[in-house]
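J.: Residue numbers (my numbering): 60 to 246.
Note that the Cβ used here is the ideal one computed from N, Cα and C, for glycine as well.
Note that the coordinates shown come from a computational prediction; the quantities given were computed from them, not determined experimentally.
Let me begin by handing over the structure; questions about it come next.
Now the structure itself:
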């Protein structure tokens with residue numbers, strides 16, 4: 060029993076060290092001007108790209124570590140700077156200047172950005188970015204309105220559907236309803 064307790068303590072220390080190292084990597088790779096975190100390091104084909112999905116995950120990591128100013132930098136980029144199409148954000152932007160690098164819009168990354176904003180809002184009681192989450196929701200609902208079965212296409216310019224995106228949207232709308240109590244988000 061004593062050996063197991065020592066092993067558990069050592070394991071917990073290793074886990075914290077690993078998490079701290081991963082978190083430091085995120086902090087080092089966040090551009091101070093744009094707030095974006097580079098998505099890949101070492102791949103010259105996508106050097107300095109910041110994928111929207113990755114930004115949502117980075118923001119959630121910052122929120123987990125209570126580093127709210129870093130999460131706000133990401134949300135500020137999307138609310139004030141990022142170019143978009145039909146209320147939805149492109150899949151990727153240049154980390155250095157924030158210009159779009161991939162002029163493709165998919166539902167999933169937008170939904171995940173909305174989820175990150177909801178996590179931030181719940182954790183901080185700061186509603187500053189809630190309007191942005193609702194804009195994302197309106198873009199997703201516009202796609203849903205175009206489908207007679209109520210599904211959400213992969214994006215405005217694609218014909219495919221993703222089970223993952225539809226399940227993500229289900230979670231996002233449920234979270235948005237719980238925080239706003241607006242009936243249009245009720246599932």
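Taking the alpha-carbon positions, what's the residue 160 to residue 99 distance?
T.: What you label residue 160 is simply residue 101 of the chain shown in a count that begins at 1. What you label residue 99 is simply residue 40 of the chain shown in a count that begins at 1. Rounded to the nearest angstrom, the two C-alpha atoms are 14 Å apart.
J.: If we ignore side chains and look at the alpha-carbon of each, how far apart do residue 186 and residue 229 end up?
T.: As a first step, residue 186 is located in the chain shown; it is residue number 127 there, counting from the start. As a first step, residue 229 is located in the chain shown; it is residue number 170 there, counting from the start. If you take the alpha carbons of residue 186 and residue 229, they lie about 21 Å apart.
J.: I'd like to check one pair, residue 220 with residue 232: are the Cβ atoms closer than 7 Å?
T.: One-based indexing of the chain shown puts residue 232 at position 173. One-based indexing of the chain shown puts residue 220 at position 161. Result no, Cβ atoms of residue 232 and residue 220 do not sit closer than 7 Å.
J.: Can you check which of these residues, 89, 78, 85, 74, is closest to residue 156 by C-alpha distance?
T.: Counting from one through the chain shown, the residue named residue 156 turns up at place 97. Taking only the C-alpha atoms, the option nearest residue 156 is 89.
J.: Since residue 192 and residue 167 are thought to touch, with beta carbons under 8 Å apart, how far apart are those beta carbons, to the nearest angstrom?
T.: Counted from its first residue, the chain shown places residue 192 at position 133. Counted from its first residue, the chain shown places residue 167 at position 108. At roughly 15 Å, the Cβ-Cβ gap does not stay under 8 Å, so residue 192 and residue 167 are not in contact.
J.: Suppose contacts are defined by Cβ-Cβ distances below 7 Å. Is residue 225 in contact with residue 195 by that definition?
T.: Position 166 of the chain shown, counted from the first residue, corresponds to residue 225. Position 136 of the chain shown, counted from the first residue, corresponds to residue 195. Their beta carbons are not under 7 Å apart, which means residue 225 does not touch residue 195 by this criterion.
J.: So, with DSSP's three-state summary, where would you put residue 84?
T.: Taking the chain shown and counting its residues from 1, one reaches residue 84 at position 25. The answer is helix: DSSP assigns residue 84 an H, G or I state.
J.: Okay, do the stretch 127-135 and the stretch 74-81 touch, 3+ Cβ pairs below 8 Å being the bar?
T.: At 8 Å Cβ cutoff, the stretches do not touch.
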